[in-house]
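Chemist: Start counting the sequence shown at 65; every next residue gets the next number (this note's numbering).
Please see the structure below; I have some questions.
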Amino acid sequence: MLKAEIEYSADIANEACSCYYEEFKKTASHQDAKIKCKLETQESFN
Numbered sequence: 065m066l067k068a069e070i071e072y073s074a075d076i077a078n079e080a081c082s083c084y085y086e087e088f089k090k091t092a093s094h095q096d097a098k099i100k101c102k103l104e105t106q107e108s109f110n
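See below:
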């Protein structure tokens, strides 16, 4: 993630994957899960 100047973290990656998996199980929507978890992951950088 050099372009964004963000340091990769395995913990953040695991949280994003877990979020996506759980949200996808609930909604069965790739798009909804992706959007929700992307926003949550971005918040962890702020």
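Ideal Cβ positions, reconstructed from N, Cα and C, are used throughout, including at glycine.
Everything numeric in this text was worked out from a predicted model, so none of it was measured.
Roughly how many angstroms lie between the CA atoms of K100 and C81, to the nearest whole one?
Modeler: The sequence position of residue 100 within the sequence shown is 36, counting from 1. The sequence position of residue 81 within the sequence shown is 17, counting from 1. Approximately 12 angstroms between the Cα atoms of the pair.
Chemist: From Q95 to Y84, what distance separates their C-alpha atoms?
Modeler: To locate residue 95, count along the sequence shown from 1; it is residue 31. To locate residue 84, count along the sequence shown from 1; it is residue 20. Q95 and Y84: Cα-Cα distance of roughly 10 angstroms.
Chemist: Please state the DSSP three-state secondary structure of Y85.
Modeler: For the purposes of this step, residue 85 is taken as residue 21 along the sequence shown, with counting starting at 1. Three-state DSSP puts Y85 in a helix.
Chemist: Count the other CB atoms, across all protein chains shown, that sit within 10 Å of the CB of E87; report buried if there are 16 or more and exposed otherwise.
Modeler: Residue mapping note: residue 87 aligns to position 23 of the sequence shown, counting from 1. Buried is the call here.
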